[in-house]
Structures are given as C-alpha cells and as structure tokens.
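Some notes on the structure that comes next.
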Amino acid sequence: MALDNKTVQDIARLARLSVSDQQAEKYRGELSNILDLVAQMEAVDTSDVEPMTHPFDATLRMRPDAVTESNQREEFQAAAPNAESGLYLVPKVID
Amino acid sequence: MTITTLAQLSADLDSGKISSVELTQHYIDRVDNSNHNAFISINKEQALAQAKAADDKRASGEASSLLGVPVAQKDIFCIKGTQTTCGSKILENFTAPYTATVVENMHQHGVVSLGKTNMDEFAMGSSNETSYFGNVINPWSSSTSDTTALVPGGSSGGSAAAVAAQLAPAATGTDTGGSIRQPAAFCNLTGIKPSYGRCSRYGMIAFASSLDQAGPMTHTAEDAALLLNTMAGFDAKDSTSLDVPAEDFSAQLGDSLEGLKIGLPKEYFGDGLDADIAELVENAIKEYEKLGATVKEISLPNSELALPSYYVIAPAEASSNLSRFDGVRYGMRTEQYSDLVDMYTKTRTEGFGDEVKRRIMIGAYALSSGYYDAYYAQAQKLRRLISNDFTAAFKECDVILGPTTPSPAFAAGSRTDDPVSMYLNDIYTIPVNLAGLPAASIPAGFTKAGLPAGLHLITPYLQEAKLLNIAHQYQQATDWHTQAPQSVSNGGQA
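Heads up: the sequence lines are chains A and B, in that order. The opening position of the first sequence corresponds to residue 1 in my numbering, with each subsequent residue numbered one higher. The opening position of the second sequence corresponds to residue 96 in my numbering, with each subsequent residue numbered one higher.
In structure tokens:
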C-alpha cells in the first residue's frame, strides 16, 4: 500500500507530530513498507471470527466504590513542566 | 570466568560470606568501570540504603531467598524518587512519583534495585539502537568499534548486556513482541515472558497494553524462578492483572521430563532460519530426547499472520498510550510555541525519536476514521486465529520448541535503514505475545562465529513452573548457560 506525502502529513497532524517535506518523503517509503507487510491480513476471510481483545477473554473487574487514593497533587504536579496553585498551565485556548 | 547465580549469592548472604552492602558496592563498581552503556542511571545512595536495610533485616533473623540481592531494573519501571526515562528524550528529566508494583513486590522481598538499564525508546525496537541514551554494546562482541560492535537485542538490551557482562546478577525486562526473549538469546541468558497478566503493569510505562508483560532475565532457569516469585502476583491496580492463587515457580524444578511431549512447529524451521542456529536447536532436541522426552512435528498454520497482525495492534495501542506525552503533566515541554496545538506538536516532535514516530503514525493511521475495521478489528480477528493454533497444538504436545530468533546478534547499524527487516527478528516470539502465553528463551550453544543462540520454549497458560523445569532440566544436562564472554574478566570492559 503506497501512501502519498499528503497522507503522511495528514497522519502526522493526527498524531500531533510535525514532519518536514523532506522527512515526509522518508516516512512515506518506510510507512508504505510497513503497510505492505500489514496488507497480508487482507487475504484472510475472518467473517466468522470473533476479535480477541484479551488473551483470557477477561472482562473488566468491578471493585467496591471506595476511596483508595490519598491526595498527592503537589507530589504529582512537581513533575509538570509548568504548574501553579494546583493548576497545570498551558497556552491560552479561548480569547 | 563463569557465572554467578542468584541462588549462589543467596547462599553467600545467608552464610555471612558477604553482606548485601558489599555485594551491591561490588556491582556498582563494575558498572562504573564498564563501557557497555547498559545503564541509563544508577541511584547509588538508594541502592546502598536498600542493601543496608536488607543486611539489618538479615541480622535480626529475617530471611527470604533474595533478601539483599541486587537486581538491575529496566528503565521502563517507575521507581519513586528515581529518574525514569523509558529510553526517551521526552522523559529525560522525569522523576517518578510512585513505584511500579513489580518493583514494589521485589522490594518487599528485600531485592535491592541496582539501577535503571538502557532500552529501546518506549520499548520499540529489537536492537537497543532506538534509545535516546545511545547504543548498548553486546558483551559478546569481539570489538567495540562503532561499525563492528554487536547489538544486544532489544528492547531490554541494557538489561541483557548488564547480566551478560556481570554488571548485575539478574535484571528485569518487559516483553511486548519478544523484548525479553530476543535479547536473552543474543546475550546467552535465560529470559522468561510470563503469561499475560501474571506481573502487574502498574507503573510499567505502557507500550501496547494488551501485549506488555514483565519478566526476569537471569543466567539460569532456577534463578528466573526465584526472581519471578518476587515479581508476580495479583494487583488490583492493574485491570488486566490475573487473579489467580500465588504460586511457587520453583516447585517443579526437580521433576523428571520422562514422557514429556515436545511439539516442533514446522513453520518455525523454514526459510530464513540461520543454518547454525537450526543445527543447535536440533542438538537441543536430541538432548531432550535423552532426558526422556518425545518429539513430534506440529503445525501453527497462521504463524505468518502474526507479524502483520502485531504491526497493527502494537502501533495502534502505542499511538493511544503515547498520546499522554503532550508537555502538560510530565516530561519535557518545548521552549517556544505559539498556541496549545503548537506546543503539543513541537514537544512531541522534539521529544520522540524516529521509530516511535513511525509507530505512532502507523497506529494513528490504523485507528483513523474509516480504517478501524480493515486494520485493528481485522488484526484482532487474526489474533484469535493465532491463539486458536496454539490451543489446537497443545492438544498434541506439552511444550512447543523452536529457535528464539532467526539469526544471532547482528552488527550495530546493519538493519536500521529498513524497519521491516528489523521487525523480522521477532517472527518467532510475536505469536506468543498475541496469544498471551508464557515462554522462555534459554542458551542453546554458539554459532561457528562464537555467538550465542537461543532455544525458545512455549507452554500453555499459567504453566510457568513447568516451563521453568523444562528449561532447568536442559541446563542440568548442558553448560551453555554457564559460558561468559571475555569482557566479563576485563572488569566489565567490552
């Protein structure tokens, strides 16, 4: 499956990655090769096959609705690039 | 020079021949003197404090088998107060505010965390060459020059090199498509990928959540059982953790293999398998026959669909998991940006390496509107077919045996230009992750060029204890696993 450079740029935008035109050319080749590998899947008729999401087909456990965590806001926010007064600071989104 | 096992160190600590502080300092000195680049960071004070605490416990009469034994931790595990990078620039300055359950369990057993080992960025790679912190030299390399040094495998390449060079007596790894077993094969180690869900994923930085599983990397199967005993267990903090009774993985180590039925999948012995490795695996089969096992050919007919299926599922889950790295809550943030989207985009573009970007893009594409059924849903259906193959095969045999990798360790830089050729390394290991089964790679001898080869053993779900004994009995009859590379006796210099 051959991608074009525009598709590469579209995928990059979806993934919040910036790709220069020169890099798009490189990624186009590499991603197309990976998709060629993946294309082998198409040949298999799986209309009667149930998708496997978990090796044990386990469903998510329920747990009692109890508070288990203590407040560790300051500790967790210490790892943030920019936090103040308990808030994560980001560029202005709404004028 | 030969190997030093956890079992031996445990006995030495028990008899008072050595203290945990002395032992930990011994390994720290070896790491300081080595040039393999196997570690990203070492928190010496924390390691020595843990060692001191272990010595104090032992002095007060407490003892468990690995109390005071230092073990290297793959840098994918969060350890409170230590740098935790996952091999990525984006987490270069991240200090974990909590500890992964696997590590916490090990600490509860008195294991000393020696340091954080190098790895492919976000565990995406088979050669450790995608690490932001540089390549790792395979201790079995005959030369250390940039062009001839061999890769240790990946993604747990630092862990493998650390144990092979005896910078640590054992290490943790994680295995999403072969990341414990392939480096174990390349570095002459025993590596175990337990059943999916055996070891908690809490605090283990996520790559592909439906496949990721932690496990031990050691010299012997006996050691792997000891270490897995400290790592595994149900954890309510991991929604996919298996709620099964605790088990002693050493329990079956003395059992006879008389009557063991070994299945040889014809698909694992086809084109592309190195002739030396094929011969070594044949020799291993003969060894097992001497131990009383019988051998029969089996078929895993959908094996060739494993790689395509994996390269949809793993990137799709990765693209979702790695969306959390946006420069807001943790990790790096770019210096200059105009608005929020610009900040996300520049942070991720500067913070991620090439292979991670490729996989995120493949995943984003596979999950994008209109493609879900053709890619992710189809891959999950193939995953079912691959899993069904194993279920059918285990009606005919107790264990499946083959090579771990199609080739031995290769030279650094030799496969980085073509991602797909790199992916082919994991052709025998990936089906196991898709099915969620336990598997081991154990040393099976050396190629004519003197490079280690791995023997791959796969058992049904939750049969780790049996798997470890199958590996152990082979190690009682052979001495491949006791061979150490020349670099070990050079004080850890490659």
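From the three backbone atoms N, C-alpha and C, an ideal C-beta is built for every residue, glycine too.
Handout entry: Closer than 8 Å to chain E by CB, residue 153(B)
Key = Judged by its chain identifiers, the structure shown contains no chain E, and its protein chains are A and B.
Handout entry: Residues that residue 141(B) contacts on chain A, provided the C-beta gap is smaller than 9 Å
Key = Within chain A, no residue comes near residue 141(B); the closest Cβ sits about 17 Å away, beyond 9 Å.
Handout entry: Cβ-Cβ distance between residue 482(B) and residue 530(B) below 8 Å
Key = yes
Exercise for the section: Use the C-beta contact count for residue 547(B): other C-beta atoms within 10 angstroms, 16 or more gives buried, fewer gives exposed. Expected result: buried
Practice task
Would you list the residues sitting across from residue 360(B) in a DSSP beta bridge?
Solution key: 393(B)
Problem - Range of the contiguous alpha helix (DSSP H) that encloses residue 591(B) - result: The structure shown has nothing for residue 591(B), since chain B only spans 96 to 589.
Handout entry: Closest by C-alpha distance to residue 52(A), when choosing among 134(B), 312(B), 471(B) and 237(B)
Key = 471(B)
Problem - Buried or exposed (CB count within 10 angstroms, at least 16 for buried), residue 115(B) - result: buried
Practice task
Tell me the start and end of each unbroken beta strand (DSSP E) in the region 180-253 of chain B that is at least 3 residues and wholly inside, in chain order.
Solution key: 207-212
Practice task
With a cut-off of 8 Å on the beta carbons, I'd call residue 312(B) and residue 275(B) a contact; round off their distance for me.
Solution key: 6 Å
Handout entry: Coil, strand or helix - residue 576(B) by DSSP
Key = helix
Problem - Any C-beta of chain B under 8 Å from that of residue 11(A) - result: yes
Problem - Residues sharing a beta bridge with residue 88(A), DSSP - result: 83(A)
Handout entry: Exposure label - residue 439(B); buried when at least 16 CB within 10 Å
Key = buried
Handout entry: Residue interval of the beta strand (DSSP E) (run including residue 552(B))
Key = 547-553
Handout entry: CA nearest to the CA of residue 280(B), picked from 259(B), 294(B) and 267(B)
Key = 259(B)
Exercise for the section: Output the boundary residues of the beta strand (DSSP E) element that contains residue 536(B). Expected result: 534-541
Practice task
Would you please verify whether the beta carbon of residue 473(B) is less than 8 Å from any beta carbon of chain A?
Solution key: yes
Practice task
Give a yes or no on whether the minimum CB-CB distance between residue 33(A) and chain B is below 8 Å.
Solution key: yes
Problem - Beta-carbon separation (whole angstroms), residue 455(B) vs residue 15(A), contact threshold 8 Å - result: 5 Å
Handout entry: residue 110(B) classed as buried or exposed, judged by whether at least 16 other C-beta atoms fall within 10 angstroms
Key = exposed
Handout entry: Proximity test, Cβ basis, 8 Å: residue 84(A) and chain B
Key = no
Handout entry: Short Cβ contact (8 Å threshold) for residue 192(B) with residue 84(A)
Key = no
Practice task
State the DSSP-derived secondary structure class of residue 136(B), mapped to helix, strand or coil.
Solution key: strand
Handout entry: 6 Å CB neighbourhood of residue 446(B) in its chain, flanking five on each side removed
Key = 184, 185 and 427
Problem - CA-to-CA distance, residue 388(B) to residue 379(B), given in whole angstroms - result: 11 Å
Exercise for the section: Spatial neighbours of residue 393(B) within its chain, please: CB distance less than 8 Å, with the 5 preceding and 5 following residues excluded, ordered by chain position. Expected result: 358, 359, 360, 361, 488, 491, 492 and 495
Exercise for the section: Given a cut-off of 8 Å, decide if residue 589(B) and residue 232(B) are closer than it, judged by their beta-carbon atoms. Expected result: yes
Exercise for the section: Give the interface partners of residue 72(A) over in chain B, defined as CB-CB distance under 9 Å, in chain order. Expected result: 192 and 193
Problem - Proximal chain A residues relative to residue 514(B), where beta-carbon distance stays under 8 Å - result: 30, 33 and 34
Practice task
Decide if the region 321-331 of chain B is in contact with the region 570-589 of chain B; the criterion is three or more beta carbon pairs, one per stretch, under 8 Å apart.
Solution key: no
Exercise for the section: Go ahead and label residue 433(B) buried or exposed: buried means 16 or more other beta carbons lie within 10 angstroms of its beta carbon, across all protein chains shown. Expected result: exposed
Practice task
Whole angstroms is fine: what's the gap from residue 24(A)'s alpha carbon to residue 36(A)'s?
Solution key: 18 Å
Problem - Straight-line gap, residue 31(A) to residue 118(B) (C-alpha atoms, nearest Å) - result: 48 Å
Exercise for the section: Please state if the CB of residue 411(B) and the CB of residue 272(B) are separated by a distance shorter than 8 Å. Expected result: no
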